[in-house]
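*Asks:* Take the sequence shown: its position 3, counting from 1, is numbered 79 in the working numbering, and each next residue is one higher.
For every residue, glycine included, the Cβ atom is placed at its ideal position computed from N, Cα and C.
Since we're looking at a predicted model, the values are computed, not measured.
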Amino acid sequence: MARPLPGAPAAQALLAEAARRAGRLAAPPGLALVRVGDDPASVAYVRGKARKAAEVGLRSAVHALPEAAPQAELLALLGTLNADPAVHGILVQLPLPPHLDPEPVLGAILPEKDVDGLHPVNIGRLWAGQPGLRPCTPAGVMALLAFYGLPVAGQRAVIVGRSALVGRPLAALLLNANATVTVAHSRTPDLGAVTREAELLIVAAGRAHLITPDMVRPGATVIDVGINRVADAPGQGRLTGDVHPDVAAVAGALTPVPGGVGPMTVAQLLMNTVLAAEAPAGQEGRGGRFR
Ligand code: NAD
């Protein structure tokens with residue numbers, strides 16, 4: 077049976093590190109959480125982030141705009157937060173309501189306060205192998221692998237999914253860590269032939285149980301990023317991953333869903349806020365600001 081890779085101890089270690097480093101700063105790192113509208117999942121995510129931020133000694137504030145807020149109002153708020161020296165990290169909770177265009181919104185955050193790592197400058201820095209703030213879920217996956225001492229350098233890594241949020245930045249992080257990387261997606265023919273090559277298989281497709289045991293190389297490390305809500309019976313929703321549970325009989329190591337990658341994302345967000353607060357202002361271009 078595959079070695080289980082629960083996220084909780086790895087996330088705890090990252091949170092403890094964030095708390096330790098936050099405590100060394102003259103003032104607590106400040107995190108601004110921006111939310112537009114009342115999507116219940118977004119409300120819950122933002123609340124969870126604020127609660128965890130307080131636990132590790134960060135000062136967070138939630139800025140909630142009404143569902144119908146015009147783009148100009150959101151951009152004005154980001155301008156105020158950019159200019160506020162007590163705010164070190166700014167996160168705009170996605171998805172935004174359909175009338176708002178996420179591209180100019182994410183681009184309006186100062187790169188050095190972009191704790192979600194989605195500003196084009198940070199994406200460019202990531203792909204160039206330069207220091208910068210990294211997207212939270214992919215960086216959380218790397219932290220999980222490091223916590224469990226799983227090798228990355230020299231490994232044949234396959235990622236399933238090419239989203240801007242997960243698959244693409246993860247490909248860059250794995251390349252920077254010297255893995256040999258393949259990115260598969262919904263248009264990849266014979267997905268199983270590709271995934272069977274993987275010593276390290278990371279799945280972020282959002283398709284429940286897409287990966288079955290026959291698609292996994294025996295002994296492979298399998299990281300399941302997927303979060304899918306499936307209904308077993310009317311009114312009985314349950315979360316499950318992109319990896320079929322039977323893969324545990326083939327894989328060498330496997331993350332659970334829920335309780336695997338999920339807790340790493342929030343922990344990495346808070347670590348990114350500490351990194352942003354640690355960096356002295358005005359040194360964005362010098363390359364030494366971030367890990
Ligand atoms: P997305 O929908 O933006 O992208 C999905 C990707 O998977 C696409 O590139 C698509 O080409 C690929 N794909 C879809 N069906 C496929 C198939 N049948 N075969 C091969 N590839 C296929 O999703 P996303 O934002 O990257 O999220 C992916 C999953 O990860 C979702 O379940 C999401 O809920 C989850 N997620 C988890 C966390 C976390 O904190 N654990 C964070 C972000 C996303």
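Beta-carbon separation of V298 and V270 under 9 angstroms?
*Replies:* It is not a contact, given that the beta carbons lie outside the stated cut-off.
*Asks:* Can you tell me the Cα-Cα spacing of H285 and R305, whole angstroms?
*Replies:* Each residue's alpha carbon lies about 11 angstroms from the other.
*Asks:* Quick check on DSSP: helix, strand or coil for T256?
*Replies:* If DSSP states are grouped into helix, strand and coil, T256 belongs with the strands.
*Asks:* Between T256 and the rest of its own chain, which residues show a CB-CB distance below 8 angstroms, the 5 nearest in sequence each way excluded?
*Replies:* Only G230, Q231, R232, A233 meet the Cβ criterion.
*Asks:* Taking all protein chains shown into account, decide if T156 is buried (16 or more other Cβ within 10 angstroms of its Cβ) or exposed.
*Replies:* When all chains shown are included, T156 counts as exposed.
*Asks:* Report yes or no: do the region 327-346 and the region 211-224 share at least 3 C-beta pairs separated by less than 8 angstroms?
*Replies:* Flag = yes, the region 327-346 and the region 211-224 touch.
*Asks:* How should M179 be labelled, buried or exposed, when 16 other C-beta atoms within 10 angstroms of its C-beta is the threshold for buried?
*Replies:* Looking at the sequence itself, residue 179 is Glu, so the reference to Met does not match. Answer is exposed; the Cβ neighbour count stays below 16.
*Asks:* Looking only at its own chain, which residues have a Cβ that is under 6 angstroms from the Cβ of E360, when we skip the five neighbours before and after it?
*Replies:* Confidence in E360 is poor, its pLDDT being 49 and thus under 50, which makes the residue's placement unreliable; the coordinate value appears in the next sentence. Cβ neighbours of E360 beyond the five flanking positions: E188.
*Asks:* Where A329 and L81 are concerned, what is the direct C-alpha to C-alpha distance, given to the nearest angstrom?
*Replies:* Cα to Cα, A329 sits roughly 7 angstroms from L81.
*Asks:* Use the C-beta contact count for N198: other C-beta atoms within 10 angstroms, 16 or more gives buried, fewer gives exposed.
*Replies:* Buried, since its Cβ has 16 or more Cβ neighbours within 10 Å.
*Asks:* Between which two residues does the alpha helix (DSSP H) carrying T288 extend?
*Replies:* Here T288 belongs to no alpha helix (DSSP H), and DSSP marks it neither H nor E.
*Asks:* Is there a Cβ from chain B that is less than 9 angstroms from the Cβ of A204?
*Replies:* Note that chain B does not occur in the displayed structure, where there is just one protein chain.
*Asks:* Cutting at 6 angstroms between CB atoms, please list the residues of its own chain near V350, excluding the five before and the five after it.
*Replies:* So the qualifying residues of the chain are A94, R97, A98, P105.
*Asks:* I need the straight-line Cα distance from T288 to A108, nearest angstrom please.
*Replies:* Near 40 angstroms, if we compare the C-alpha coordinates of A108 and T288.
*Asks:* Within its chain, find whatever has a CB closer than 6 angstroms to the CB of L186; leave out the 5 residues flanking it on each side and keep chain order.
*Replies:* Closer than 6 angstroms at the Cβ level, and outside the excluded window around L186, lie N158.
*Asks:* Kindly identify the DSSP beta-bridge partner or partners of V234.
*Replies:* Answer by DSSP bridge pairing, in chain order: T258, L277.
*Asks:* Please say whether N252 and L202 have beta carbons closer to each other than 9 angstroms?
*Replies:* Contact: yes.
*Asks:* Could you please give me the residues that DSSP links to D300 through a beta bridge?
*Replies:* BP columns for D300 point to V279.
*Asks:* Can the beta-carbon of L209 be found closer than 9 angstroms to that of A184?
*Replies:* Not in contact: L209 and A184 (Cβ atoms no closer than 9 angstroms).
*Asks:* What did DSSP end up calling R367 once you bin it into helix, strand or coil?
*Replies:* For R367, the predicted structure reports a pLDDT of 48, less than 50, and the residue's modelled location is therefore unreliable. A value from the coordinates is still provided. The answer is coil: DSSP assigns R367 none of H, G, I, E or B.
*Asks:* Over what stretch of residues does the alpha helix (DSSP H) that includes L134 continue unbroken?
*Replies:* Segment: none, L134 is in no alpha helix (DSSP H) and carries neither H nor E.
*Asks:* Check whether the Cβ of M218 lies closer than 8 angstroms to any heavy atom of the ligand NAD, and answer yes or no.
*Replies:* Incorrect: M218 has no Cβ contact closer than 8 angstroms to the ligand NAD.
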